[in-house]
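Take the sequence shown: its letter number 75 is residue 75 in UniProt numbering, and every next letter is one higher.
To start, the structure itself, in structure tokens.
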Amino acid sequence: MEFQTIIDHPEWLLMLLAPLFVGLMLAEYFIGQRRGKLPENSAYKLPEVLCNFSLAGMHQLADLLTGLLIVKLYMWLFGWKLLEIEMNVTSFITLLILQDFCYYWFHRASHRIRWMWAAHVAHHSSERMNFSTAFRQSLMYPIAGMWLFWVPLVILGFEPKWVIFAVLLNLGLQFFVHTQWVRSLGLIELVFNTPSHHRVHHGKNPQYIDKNYAGVLIIWDKIFGTFAPEVEAVRYGITKPVNSDNPITVTFSEWRDMLQAAQDKRLSLKQQIGIFLSPPNDKE
């Protein structure tokens, strides 16, 4: 398959990577877990793995359905582009860096705005860390507004199909940091997000909460003061556990709690709006 074909159909990218993802999960299970080389909180448990795969499928279906509308909006906004950008190696690398920068702010907002956390919490609710954890995504990301963070790239002048490809490539690369199999990558950790950095991000240890938002480049966390190294053993999960392997419960429990909190008749309108826009109270 030619590279341009994937650019024209960026939604194919993750499907093309799927065999690699499955192969690494099998290797992590048979070589790592079965041979006792990984800790208990890395173990593959069938109910959770099935939940993770279900969440991934629900997420992909939601993206495909809403993507039709979002692409139309991107194409309309592309008509207002500020620059004429010809795609070549330099502009492609520039796009990848800018998209990763935008991802940092999307990810940071997803932890600091409860409306967005309601979607993102599905990814953090597992108390295990293995490659299958990367599949814990939410079908509610389009509702939460993830797509808004790529709008600046389109208005700047990058063609929507290239932007979408960059978004999906970034997501695909993040699969590889969801593991305890790799401990440290040396000098690579100075610039890039690694399994060690991302384990910190999934920790509910007080010093690890809201740290290491990086997608691919860890430099954003170092620049904006949200970096933390992996020192203490990571305790995975969230401070208010969901305690369920039901993908519907995992997806909607925080939405339910948030909406119930906002319906408190004792609250003023300003306070009700604050329920949606303030940091999630289960992390304070």
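Using N, Cα and C, we set each Cβ at its ideal position, and we do this for glycine too.
Enumerate in chain order the residues of its own chain whose CB-to-CB distance from residue i is below 6 Å, with the five nearest sequence positions on each side excluded.
| i | result |
| --- | --- |
| Val234 | Arg199, Gly203 |
| Gly32 | Leu38, Trp181 |
| Tyr103 | Asn170, Gly215 |
| Thr66 | Pro142 |
| Ser184 | Ser196 |
| Ala119 | Ser138, Met140, Tyr141, Ala144 |
Does the distance from the CB of residue i to the CB of residue j come in under 9 Å?
| i | j | result |
| --- | --- | --- |
| Gln99 | Ala166 | yes |
| Ile6 | Leu16 | yes |
| Thr251 | Leu73 | no |
| Tyr236 | His107 | no |
| Glu254 | Val89 | no |
| residue 289 | Met129 | No answer is possible for residue 289: the residues shown for the chain start at 1 and end at 284. |
| Tyr164 | Val71 | Checking the sequence shown, residue 164 turns out to be Ile, not Tyr. Going by C-beta atoms, Ile164 is nearer than 9 Å to Val71. |
| Val191 | Ile218 | yes |
| Leu156 | Leu83 | yes |
| Leu14 | Leu173 | no |
| Tyr162 | Leu95 | According to the sequence as given, residue 162 is Trp; it is not Tyr. Yes, the Cβ-Cβ distance between Trp162 and Leu95 is below 9 Å. |
| Phe135 | Phe30 | no |
| Leu20 | Asp245 | no |
| Trp117 | Pro10 | no |
| Phe227 | Phe175 | no |
| Glu189 | Gln207 | no |
| Gln137 | Met87 | no |
| Ile238 | Met258 | no |
Give the range of the alpha helix (DSSP H) segment to which residue i is assigned.
| i | result |
| --- | --- |
| Pro19 | 13-27 |
| Lys81 | Careful: Lys81 lies outside any alpha helix (DSSP H) and carries neither H nor E. |
| Phe92 | 89-112 |
| Asp257 | 247-262 |
| Ile155 | 151-156 |
| Ile275 | 269-277 |
| Asp8 | 3-8 |
| Asn170 | 160-174 |
| Ala144 | 141-144 |
Which residues share a DSSP beta bridge with residue i?
| i | result |
| --- | --- |
| Tyr236 | Gly203 |
| Phe192 | Leu217 |
Who are the Cβ neighbours of residue i in its own chain at under 8 Å, not counting the five residues just before and after it?
| i | result |
| --- | --- |
| Glu284 | Caution applies to Glu284, whose pLDDT of 39 falls short of 50 and renders its modelled position unreliable; the model cannot decide the point. |
| Glu230 | Ser196, His197, Arg199, Val200 |
| Phe3 | none |
Please return the same chain residues whose Cβ sits closer than 7 Å to the Cβ of residue i, not counting the five positions on each side in sequence.
| i | result |
| --- | --- |
| Val151 | Leu77 |
| Gln272 | Ala262 |
| Ser278 | Arg114 |
| Gly23 | none |
| Val242 | Ser125, Thr249, Val250, Ser253 |
| residue 289 | The requested residue 289 does not occur in the structure, where the chain is confined to residues 1 to 284. |
| Glu28 | Asn130, Phe131, Thr179, Trp181 |
Within 9 Å of any Cβ in chain B, is that where the Cβ of residue i sits?
| i | result |
| --- | --- |
| Gln180 | In the structure shown, chain B cannot be found, because there is only a single protein chain. |
| query | Are at least three pairs of beta-carbons, each pair with one atom in the stretch 40-51 and one in the stretch 186-198, less than 8 Å apart? | reply | no
Would you say the stretch 145-161 touches the stretch 235-249, given that touching needs at least three Cβ pairs under 8 Å? no
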